[in-house]
Amino acid sequence: MTKMYAFWSSVMLTTGRYKGNPVAKHLVIPGMKPQLFERWLALFEATCRELFDDTTSEAFRIKAERIAKSLKLALFYRPEHPWPPEPRP
Ligand code: HEM
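Numbered according to this note's numbering, the sequence shown spans residues -10 to 78.
Next comes the structure, spelled out in structure tokens:
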């Protein structure tokens, strides 16, 4: 949690508290797949709505969506292997 506090502090308040490499960490998670990001974002948004007012949770949602998109690209996008994989002929 300390790490996540530092991460979101850096993202929302540009405090620079987070030092790390999220891409490398997520790359080695077993079973990681692009489809999980939708669920992640839905849970994250629901949690923000419980905790914060509309303006603040919207600000978190926008940041989270942007980061999720770039994390997903970093983890899964390979120009030579388009996603979703083409069905085999
Ligand atoms: C399908 C989506 C995701 C899954 C299943 C997932 C899962 C995980 C897991 C298991 C870890 C712990 C890794 C470890 O310590 O070895 C982790 C760390 C982390 N995740 Fe995610 N994550 C997801 C998406 C995201 C997104 C969208 C963000 C940012 C908006 C994020 C931010 C982080 C950060 C900052 C850490 C700490 C990395 C570090 O140790 O420096 N994750 N995640």
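All residues carry an ideal CB built from backbone N, CA and C; glycine is no exception.
Terminal residues of the continuous alpha helix (DSSP H) containing residue i?
i: H15; result: 11 to 16
i: E34; result: 25 to 40
i: R67; result: That residue, R67, is in no alpha helix (DSSP H); it is neither H nor E in DSSP.
i: K(-8); result: -9 to 2
Evaluate residue i with the Cβ neighbour count: other Cβ atoms within 10 Å of its Cβ, from every protein chain shown; 16 or more gives buried, anything less gives exposed.
i: F41; result: exposed
i: K22; result: exposed
i: K61; result: buried
Expressed to the nearest angstrom, what Euclidean distance is found between the alpha-carbon atoms of residue i and residue j?
i: W(-3); j: I18; result: 21 Å
i: T44; j: I51; result: 11 Å
i: M1; j: G20; result: 29 Å
i: A35; j: E27; result: 12 Å
i: M(-7); j: P11; result: 11 Å
i: F65; j: F33; result: 21 Å
i: M(-10); j: Q24; result: 24 Å
Quick one: measure Cβ to Cβ for residue i and residue j, integer angstroms, because I've assumed they're closer than 8 Å.
i: R55; j: S46; result: No, R55 and S46 are not in contact; Cβ-Cβ is about 15 Å, not under 8 Å.
i: A53; j: L30; result: 6 Å
With distance defined between alpha-carbon atoms, name the residue in the options nearest to residue i.
i: T4; options: P11, A(-5), V12; result: A(-5)
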